[in-house]
Amino acid sequence: MGNSCCNGSGVSSQIMHQLEEKRQEIQKIFPGLTSFFILDSEEKPIFTHDVADERQAEIVSVVGTLKQEVQRTGESLSQGPFSVFHVSGAKELFSCYMIKEFTLGFFSHHQRNTKKEFLDTSPLDEKMRVIILELANILETLTIK
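In my numbering, the protein residues as written are 155 to 299.
What follows is the structure, encoded as structure tokens:
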């Protein structure tokens, strides 16, 4: 099992425990979950799991670029208090949920029969709805100071 950390963000151990519980719930929906992270409004990691230090800057840069592109084209799927987009490769899926000013992102493994086959993520997003709303409540406590 990989390491979880909060990168000196001042997140309490209680909140870290709650975030880890949510990560484990998400892993049940997205088997093969890797490189899990939550970024704050300044795109600084507040919680990571299985993200190598040398890969963090790359991930933050890619997420920032993807978020700008999604905002520019309006191609995210709005789910009420959060938006989501997925980028699918041949065997890996990158999922990004924008929860108010926070960004939840992770990679997971998936199988497609062909490169052109459409990967329908709507059933996964529906399963994620409650978890995301619970995460929003947890993350809200970080902004109330």
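Note that CB positions come from ideal geometry on N, CA and C, so glycine has one too.
In this text, all values refer to a predicted model and were calculated from it rather than measured experimentally.
CB of residue i within 7 angstroms of CB of residue j, strictly
i    : j    : result
L296 : I192 : no
V238 : D274 : no
Neighbour flag for residue i against chain C, beta carbons, 7 angstroms
i    : result
V214 : In the structure shown, chain C cannot be found, because there is only a single protein chain.
Inter-residue spacing [alpha-carbon to alpha-carbon] between residue i and residue j
i    : j    : result
I180 : V284 : 11 angstroms
H263 : F190 : 13 angstroms
L287 : K281 : 11 angstroms
E175 : I292 : 11 angstroms
K198 : V214 : 8 angstroms
G186 : H240 : 15 angstroms
I183 : G243 : 18 angstroms
Q168 : G218 : 28 angstroms
D301 : L220 : Nothing in the structure corresponds to residue 301, since the chain is present only between 155 and 299.
Q222 : S166 : 30 angstroms
M155 : Q178 : Unreliable placement is indicated for M155, whose pLDDT of 40 sits below 50; the coordinate value is still reported in the next sentence. Spanning the two alpha carbons is a distance of roughly 11 angstroms.
Residue(s) in a DSSP beta bridge with residue i
i    : result
M282 : None, per the DSSP bridge assignment.
L247 : S242 and S262
T257 : L193 and M252
Of the residues the options, the one placed nearest residue i, counting alpha carbons only
i    : options                   : result
Y251 : F260, K245 and I169       : F260
Q172 : F201, T188, G218 and I183 : F201
I253 : A244, L247 and L289       : L289
M170 : H203, G218, S276 and E246 : H203
E294 : L220, F256 and L273       : F256
E246 : Q178, T188 and S166       : T188
F248 : V216, Q178 and Q222       : V216
Residue range of the unbroken alpha helix (DSSP H) whose run includes residue i
i    : result
S167 : S167 to I183
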